[in-house]
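Colleague: First residue of the sequence shown: 293, per the working numbering; consecutive thereafter. Built from N, CA and C at the ideal position, the CB exists for glycine as well. Because the structure is a prediction, the values reported are computed rather than measured.
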Amino acid sequence: MNNNMQKNRVRYISSAAFLTIAILVAINIQDGEAGATIAQIRESMKPIGDACIPETGVCEEMLAKTQQGEFPADPELQCYYACVFKMMEVMNGNDQIDTDMVMDKIDAMLPEDLAQRVKENSKICFSKITSNDLCVMSWEFTKCFYELDSSLFFFP
Numbered sequence: 293m294n295n296n297m298q299k300n301r302v303r304y305i306s307s308a309a310f311l312t313i314a315i316l317v318a319i320n321i322q323d324g325e326a327g328a329t330i331a332q333i334r335e336s337m338k339p340i341g342d343a344c345i346p347e348t349g350v351c352e353e354m355l356a357k358t359q360q361g362e363f364p365a366d367p368e369l370q371c372y373y374a375c376v377f378k379m380m381e382v383m384n385g386n387d388q389i390d391t392d393m394v395m396d397k398i399d400a401m402l403p404e405d406l407a408q409r410v411k412e413n414s415k416i417c418f419s420k421i422t423s424n425d426l427c428v429m430s431w432e433f434t435k436c437f438y439e440l441d442s443s444l445f446f447f448p
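(1) Should L402 and C417 be called a contact, given that it needs their Cβ atoms to be closer than 8 Å?
(2) Three Cβ pairs or more, each shorter than 8 Å: is that satisfied between the region 335–352 and the region 367–380?
(3) Start and end of the alpha helix (DSSP H) containing Q359?
(4) Compute the Euclidean distance between the alpha carbons of S442 and M380, then round it to the nearest angstrom.
(5) Using 10 angstroms around the beta-carbon of S419, count the other beta-carbons present and answer buried if the total reaches 16, otherwise exposed.
(6) According to DSSP, what are the bridge partners of M383?
(7) If you check the beta carbons only, do V394 and E368 fall under 8 Å apart?
(8) By how many angstroms is the C-alpha of A407 removed from the C-alpha of A331?
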């Protein structure tokens, strides 16, 4: 697949994931509760994960183990999470995680009580990032997020 086709595929999947999340939020607002549940967010993130697997070459067995808290320092796994962050559109122009964008998306997607917990954990994990490498920092954040409270873990 050439580079332009990959970029268009990423844009399409990113837009589709955003649309899915927006629909979930709209459904919950109609039900009287703003925001989606962690399970709904996790489900809506699957297309992003599915797009990042072939892009990074990460082993699906390794990915499955992350759902149980195993995050080996594997370059393909690390770059998988960088891909996820890019597709979530929370990176700035310098390929760094934009904390303001993350917080805005959390507020838009989750009910207030849940959003507060996710934001608190996100702030802790942002402070624990030690690398400037996009792949490593994305992995460090994701690993930290799971370790703080696996019940809030929504990454694919």
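Modeller: Considering the structure as presented:
(1) Contact: no.
(2) They touch, by the three-pair rule.
(3) No alpha helix (DSSP H) holds Q359; DSSP gives it neither H nor E.
(4) Going from the Cα of S442 to the Cα of M380 covers about 20 Å.
(5) By the neighbour-count criterion, in which a residue is buried when 16 or more other Cβ atoms sit within 10 angstroms of its Cβ, S419 is exposed.
(6) DSSP output for M383 lists I389 as bridge partner(s).
(7) Going by C-beta atoms, V394 is not nearer than 8 Å to E368.
(8) Across the structure, A331 and A407 are spaced so that their CA atoms are roughly 14 Å apart.
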